[in-house]
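One structure below.
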DNA sequence: GCTAAGGTGTACCGATCTGTTCATTTGGTC
DNA sequence: GACCAAATGAACAGATCGGTACACCTTAGC
């Protein structure tokens, strides 16, 4: 019970920041949308930046947990799991709450490299890369580091494409390209 | 002479918005950095949003002009020009002013689909796609629309990767992936 | 029934935001 | 030199920003 209100706040703040942006979302808007008083917010977090960091951390946990579970359900072999990543992307794109990648957006709004929020997005991106790299190595593919980065580029490109809405099937097209790269590295 | 001050303002505003973000850049900061009075700014542009639109338009013109010229200098055949796009990206990434893609950042900060700024980024992205598509078609490759989108995904993925700084040669790795896709579509 | 902690509501602070007003100054043209 | 458009500086509105102060309320455990 003790952490409940705090968790509700972070969850709601995460959704609002994701939908509305970071600078464009004021603390008063979070008070209105979360129903939690400003006093409590500043008891749990010293500043808006700390709340943003907590929201990003929650986002990473939830997204990683959901993504890993879906990949495991869709495929068992590492090679198939690499391709399943793009099917999971497709599911994500089709959610009506999809609004690009929260970490890309955060690093855009906080562009100074030594800003804590920017640094956290870099670390999260690194964790993403390591996850893909593990799969690539488990699949026994050539040039694992480069291939993992290329597959990550395709994922991020697909996210940007889905966000701009110029393609009907960005995840499918990215998957097809990923397959070509994986086949070439077999 | 008549347009000079205005052009200086838009040029300076473009650079500041690119470096510092849109919401994070106030009109007073633009006054300080451009040396142009606030009164003049609001004589030329009715609002900050209009100034942002002009800055984005200038960015598109300058980037497209520079990019097209470099591609033409580096290659003459359409197929080679498609690959040269990634060499141009590499040159861009190595500039010390590189800070990701201004249009991705703008669409992140103005996420509402019917906002004029968001719409302008979507149009600019569409123009980018059509440019790549023209090259793909001129090169006589299979499935031109899908391939053009895949190549664009690689470019945008490379931009994100370069922005996060996890790779030493994002453009080169994206180029290698592009080559594989182009070879498969020959 | 008391205490203590956590939550609430509201008013407020100084700073900053976009945008305006107005009197003054500049520079080119007849 | 007179004229006029353009640019300037600086003060100012009204709103909103992140963050604080303070008095009050709820709830649980002893």
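Residue numbers (this note's numbering), protein chains in the order written: chain F, 1 to 186; chain U, 1 to 186. Even glycine gets a Cβ: it sits at the ideal position worked out from N, Cα and C. Keep in mind it's a predicted model, so treat the numbers as computed, not measured.
Check, Outcome
"Could you have a look at residue 90 (chain F) and say whether DSSP puts it in helix, strand or coil?", "helix"
"Give a yes or no on whether the minimum CB-CB distance between residue 132 (chain F) and chain U is below 8 Å.", "no"
"Does any residue of chain U have a CB that is nearer than 8 Å to the CB of residue 47 (chain F)?", "no"
"Should residue 128 (chain U) be labelled buried (16 or more other beta-carbon atoms within 10 Å of its own) or exposed?", "buried"
"Less than 8 Å between the C-beta atoms of residue 59 (chain U) and residue 102 (chain U), yes or no?", "yes"
"What are the residues of the segment 158-182 of chain F that lie near chain U, defined by any Cβ-Cβ distance shorter than 8 Å?", "158, 160, 161, 163, 164, 165, 166, 167, 170, 173, 174, 176, 177, 180 and 181"
"Say whether chain U places a C-beta atom closer than 8 Å to the C-beta of residue 193 (chain F).", "Beyond the ends of chain F as shown, which are 1 and 186, falls residue 193 (chain F); an answer cannot be given."
"Does residue 184 (chain F) come within less than 8 Å of chain U when only Cβ atoms are used?", "yes"
"At a CB distance below 8 Å, what residues from the segment 142-154 of chain F approach chain U? Give them in sequence order.", "146, 149, 150, 152, 153 and 154"
"Do residue 158 (chain F) and residue 174 (chain F) count as a contact pair if the criterion is CB distance below 8 Å?", "yes"
"Please work out which residues of its chain come closer than 7 Å, Cβ to Cβ, to residue 19 (chain U), disregarding the five sequence neighbours upstream and downstream, and give them in chain order.", "99"
"Here's a check: name, in chain order, each residue in its chain whose Cβ is nearer than 7 Å to the Cβ of residue 154 (chain F), leaving out the five neighbours to either side.", "174, 177 and 178"
"Does residue 1 (chain F) get closer than 8 Å to chain U when you measure Cβ to Cβ?", "At residue 1 (chain F), the pLDDT of 38 sits below 50, so the modelled position is not reliable; the number obtained from the coordinates is stated separately. Not an interface residue."
"Taking a cut of 7 Å between CB atoms, which residues from the segment 109-126 of chain F lie near chain U?", "109, 111, 122, 125 and 126"
"Taking Cβ to Cβ, would you say residue 9 (chain U) is nearer than 8 Å to residue 36 (chain U)?", "yes"
"Name, going along the chain, the residues of the segment 95-108 of chain F whose beta-carbon falls closer than 8 Å to a beta-carbon of chain U.", "99, 100, 104, 105, 107 and 108"
"How is the alpha helix (DSSP H) around residue 18 (chain F) delimited, first residue to last?", "4-20"
"Indicate whether residue 47 (chain U) and residue 5 (chain U) have their beta-carbon atoms separated by less than 8 Å.", "no"
"Answer yes if the segment 113-130 of chain F comes into contact with the segment 134-143 of chain U, meaning at least three C-beta pairs across the two stretches below 8 Å, and no otherwise.", "no"
"Drop a sphere of 10 angstroms on the beta-carbon of residue 156 (chain F), count the other beta-carbons inside from all chains shown, and report buried for 16 or more, exposed for fewer.", "buried"
"Can you give me the Cβ contacts of residue 93 (chain U) inside the same chain, cut-off strictly under 7 Å, excluding the 5 residues immediately before and after it?", "162, 170 and 171"
"With the cut-off set at 8 Å, would you say residue 109 (chain U) and residue 21 (chain U) are in Cβ contact?", "yes"
"Is residue 36 (chain F) helix, strand or coil when you go by DSSP?", "coil"
"Listing by chain order, which chain F residues have their CB less than 9 Å from the CB of residue 33 (chain U)?", "By Cβ distance, chain F contributes nothing, its closest Cβ being about 16 Å from residue 33 (chain U), past 9 Å."
"Going by CA-CA distance only, name the one from F:27, F:53, F:55 and F:130 that's closest to residue 42 (chain F).", "F:27"
"Taking the beta carbon of residue 38 (chain U) as the centre, do at least 16 other beta carbons fall within 10 Å, making it buried, or is it exposed?", "exposed"
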